[in-house]
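Convert by adding 269 to the 1-based position in the sequence shown; the result is the number in my numbering.
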Amino acid sequence: SVRREDGKYNIVLLGLNRFRIVREIQGKEYRQAKVEFLEEKNDAPLNNNFHPLIAQFQAYMRLIPDSKQSPDLDHCETLGHVADQIAYELDMPVEQKQTFLEEQDVLRRIHIVQSLLDFKTNLVSLSKHRARQGFYSRLN
């Protein structure tokens with residue numbers, strides 16, 4: 270958690286399961302709900318802590334100067350967990366994040382993250398290429 274200047278805290282939570290809210294429970298101090306757990310589709314154990322998605326993410330992070338600490342992917346046990354951890358680190362519009370969170374099929378989530386990493390990698394590479402030519406994208 271991080272304490273803010275106003276004395277409040279920002280807390281990051283890690284979800285263990287996807288779920289659907291069946292109904293909200295009223296009259297509680299904090300929001301509570303009756304939920305239905307959703308089954309992950311096409312998930313698989315992570316073999317030897319390697320998957321092409323991890324390599325793709327690491328290559329992208331090497332392109333970013335002064336990038337923040339990468340997520341600890343060594344503790345991921347499944348492909349779904351890897352996709353979720355990487356997606357958390359990427360800047361996505363709220364609508365795209367919501368679509369990602371609602372997706373139960375791990376292979377589709379991996380595809381979403383790979384496509385976003387391809388786009389971001391190409392964008393950074395193009396920006397660096399243009400900067401070497403004397404064009405600075407931040408001046409636009």
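No residue lacks a Cβ here, since even glycine has one placed at the ideal position from N, Cα and C.
All figures in this text were calculated on a predicted structure; none of them were measured in a lab.
Can you tell me whether residue i is helix, strand or coil according to DSSP?
{"i": "I379", "result": "helix"}
{"i": "Q301", "result": "strand"}
{"i": "R287", "result": "coil"}
{"i": "R292", "result": "strand"}
{"i": "R399", "result": "helix"}
{"i": "F306", "result": "strand"}
{"i": "F326", "result": "helix"}
{"i": "R273", "result": "coil"}
{"i": "D335", "result": "coil"}
Using 7 Å as the cut-off, classify the Cβ of residue i as near or not near the heavy atoms of the ligand HEM, replying yes or no.
{"i": "E274", "result": "Here there are no bound small molecules, and the ligand HEM is not part of this structure."}
Please report the Cβ distance between residue i and residue j, rounded to the nearest whole angstrom; I am assuming they are in contact, meaning their Cβ atoms lie under 8 Å.
{"i": "R378", "j": "F388", "result": "Not confirmed; about 16 Å, so no contact."}
{"i": "Q383", "j": "L322", "result": "6 Å"}
{"i": "Y357", "j": "P340", "result": "7 Å"}
Can you tell me which of the options puts its alpha carbon nearest to the alpha carbon of residue i?
{"i": "L386", "options": "A352, R399, L342", "result": "A352"}
{"i": "L348", "options": "V375, S384, E358", "result": "V375"}
{"i": "D312", "options": "V382, Q373, A356, Q327", "result": "Q373"}
In its own chain, which residues sit with a C-beta less than 8 Å from the C-beta of residue i, not counting the 5 before and 5 after it?
{"i": "C345", "result": "L315, N318, V351, Q354"}
If I measure Cβ to Cβ from residue i and keep anything under 7 Å in the same chain, skipping five residues before and after, which residues do I get?
{"i": "V271", "result": "Y278, N279"}
{"i": "R401", "result": "none"}
Task: Sufficient close CB pairs (3 or more, under 8 Å) joining the segment 286-306 to the segment 327-337 - done: Here the segment 286-306 makes no contact with the segment 327-337; the two share fewer than three CB pairs at distances below 8 Å.
TODO: Would you check if the segment 394-404 and the segment 357-365 touch, i.e. whether three or more CB-CB distances between them fall below 8 Å?
DONE: Counting Cβ pairs under 8 Å, fewer than three are found: no touch.
Open item on the list: Any contact between the segment 306-325 and the segment 276-295? By contact I mean 3 or more CB pairs, one from each, below 8 Å.
Closed with: Two segments are said to touch when three or more pairs of C-beta atoms, one from each, lie closer than 8 Å; by this definition the segment 306-325 touches the segment 276-295.
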